[in-house]
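The structure appears right after this line, and notes come after that.
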Amino acid sequence: MRGLLVSGFAAIGTGTGAMLTLHAESGLDPLHSVISEYAFQASGWLLPTSLTLFAVGSGMIAEALRRSGANRWVVALLLAWGASMFLIGAFPTDRPGVPLSLSGGIHRYAAFAAFLVMPAAGFLLAKTRIRYARSMRVLSGIALGALLLVVVPYVVRMFGIPLSNDDIPAGLTQRVVVVTELGVLALAGLSMLRPAARRVSAVLA
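Take 6 as the starting number for the sequence shown in this note's numbering and just add one per residue.
Shown next as structure tokens:
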């Protein structure tokens, strides 16, 4: 199980490095440019690479939790998050001003699913006596709050109400969601590396 966790952390760390490199090389404004737009930059290939690595890391941590006897819903939610990350990378969003395509639709709804399921997994884990439960609960709450701010502009525009990108910095709120959810995933893995800790099965059964 330790090997799975170490490999999972390596995948997440490498994916984070790829994402940071993409941001550094793109020159876009992270406060207002959503992450999906980075796919159209010269180093855009780093975006699906990063997301795929996140998916792999999530799958490994989910498998480690399953082997430890974790609640099956937690395992399923982590797997769903990983699958969503893969779909987000495999199906790029549409360029600004282009009508929603099949690829853009899959990208959008997979992102929404990913943003929703990780806080749910975090809250389920936080209900137990698992290590880092309090931090997991805080990060999950922040992720949900930021997710509301991500969704609000789409809902408002659906009703034909004009909304400037400066009103709610979409890039910032989206990044808050991503960072906090990666934090929840990392804490889920770290909770199983505690020396001489009780088996996760004892608290998640």
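All C-beta atoms, glycine included, are put in the ideal place defined by N, C-alpha and C. Remember, it's a predicted structure, so these values are computed and weren't measured experimentally.
Sixteen is the threshold: when 16 or more other Cβ atoms of the shown chains lie within 10 Å of the Cβ of L58, as they do, the residue is buried. Contact check for I147 against T185 passes: the beta carbons are separated by less than 7 Å.
With respect to the 7 Å criterion, A118 and I93 are not classified as neighbours on the basis of their beta carbons. Taking 4 residues as the minimum length, the alpha helix (DSSP H) runs contained wholly in the segment 58-120 are 77-95, in order along the chain. Taking the CA atoms as reference points, P101 sits about 11 Å from G109.
In this model, A15 and V157 are separated by some 34 Å (Cα to Cα). By the criterion of at least three beta-carbon pairs nearer than 8 Å, the segment 15-31 is not in contact with the segment 78-89.
Under the DSSP assignment, G194 falls in the alpha helix (DSSP H) whose first and last residues are A175 to L195. Nearest C-alpha to T26 among P35, V143 and L51: L51.
Setting aside the 5 residues that flank it on each side, T19 is surrounded in the same chain by L58, each with a C-beta closer than 6 Å to its C-beta; the list follows chain order.
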